[in-house]
Amino acid sequence: MSIKNNLNTIKSELPEGVTLVAVSKTKPNEDILEAYEAGQRAFGENKVQEMVQKWEDLPKDIEWHMIGHVQRNKVKYMAEFVSLIHGVDSPRLLKEINKQAKKYDRVIPCLLQIHIAEEDTKFGLDKTELDELLESDTFKAMENIKIVGLMGMATFTDDESQVRREFAQLKSMFDELTTKLNDITILSMGMSGDYKIAIEEGSNMVRIGSSIFGARNYS
Ligand SMILES: *Cc1c(COP(=O)(O)O)cnc(C)c1O
């Protein structure tokens, strides 16, 4: 199967209103261009330097999504162009994004990453930390970031009911957030292995890599 065929198959299965972010981390520019030529514009990367390099090399109408864990000292490299930062998991990171966005006179859309998985290796805020962040004066004073929704990753397990439960938990936090903030529109959940469950549980943005580009080689 080609990248183009994989992409078209997945797109034809996605319900209306669900946005596809093609996760191109570790993949070469030629693979991204193949997806681009098939009409894909939103791409997800998890390393800032790699995303910057690809932004420089590839067509300028690509929307770059930062889906990985972000170190504060790297924010400055992507502040000029990043379209959505999915993995915001601390007030300090948000503050740095706000500061760097200001330098470019931009408002950077961000998702808060919520810890829903059982594994404690996955990053994210818990419910208490989310509430604290939203109620803090520093958050309320930030003018160069906009929280537009939530992101989460389910436990990596064959237990479908657990994955479903975790996604449902994130959806209910998302619904609650829409009553507290304006502009909450994006619920980013679901990857190659679990995006169908995520959509059934209310996701409207899926981040799919290996089902489009094939398995990644990290060696
Ligand atoms: C790598 C990655 C994905 C895509 O994973 P696949 O299983 O290849 O679809 C999605 N979200 C995040 C945060 C990732 O790091």
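For the sequence shown, the working numbering assigns the number 1 to the initial residue and increments by one for each residue that follows. All residues carry an ideal CB built from backbone N, CA and C; glycine is no exception. Note that the structure is a prediction, hence the values are computed from the model and not measured.
- The DSSP assignment places 19–23 and 42–45 as complete runs of the beta strand (DSSP E) inside the stretch 15–60, in order along the chain (cut-off: 3 residues).
- Residue side-chain check: M173 keeps its Cβ at 7 Å or more from all non-hydrogen atoms of ligand 1.
- DSSP, reduced to helix, strand and coil, places L93 within a helical segment of the structure shown.
- Beyond the five residues adjoining it in sequence on each side, G149 comes within less than 7 Å, by CB distance, of L111, F174, I184, T185, I186, L187 and S188 in the same chain, given in chain order.
- Sorted by position in the chain, V23, N46, I67, M191, S192, R207, I208, G209 and S210 make up the residues whose C-beta lies under 5 Å from a heavy atom of ligand 1.
- A direct Cα-Cα distance of roughly 11 Å separates K27 from M51.
- Annotation: the stretch 82–167 contains the following complete segments of the alpha helix (DSSP H) (minimum length 4 residues), in chain order: 91–103, 127–135 and 137–141.
- Secondary structure of E201 (DSSP, three-state): coil.
- Taking each of G202, H69, P15 and S83 in turn and checking the Cα distance to A42, the smallest one comes out for S83.
- Residue pairing from DSSP leaves S192 without any beta-bridge partner.
- Our two residues, K4 and A215, have alpha carbons roughly 15 Å apart in a direct line.
- Segment contact: the stretch 195–214 against the stretch 155–164, three or more CB-CB distances shorter than 8 Å; contact assigned.
- C-alpha of N98 to C-alpha of Q113: approximately 17 Å in a straight line.
- Here D194 is not near A141, since their CB atoms are 8 Å or more apart.
- Counting other Cβ atoms within 10 Å of its Cβ, Q71 stays below 16 and is therefore classed as exposed.
- The DSSP-derived three-state label of M66 is strand.
- Between L170 and I116, the C-beta spacing is below 8 Å.
- Per DSSP, the continuous alpha helix (DSSP H) segment holding I10 begins and ends at I3 to E13.
- Going by DSSP, K76 is part of the alpha helix (DSSP H) stretching over V75 to M78.
- According to the DSSP assignment, I212 belongs to the alpha helix (DSSP H) that extends over S210 to F213.
- For L181, the secondary structure class from DSSP, reduced to helix, strand or coil, is coil.
- The beta carbons of R207 and G68 sit no closer together than 8 Å.
- Taking all protein chains shown into account, Q40 has 16 or more neighbouring C-beta atoms within 10 Å of its C-beta and is therefore buried.
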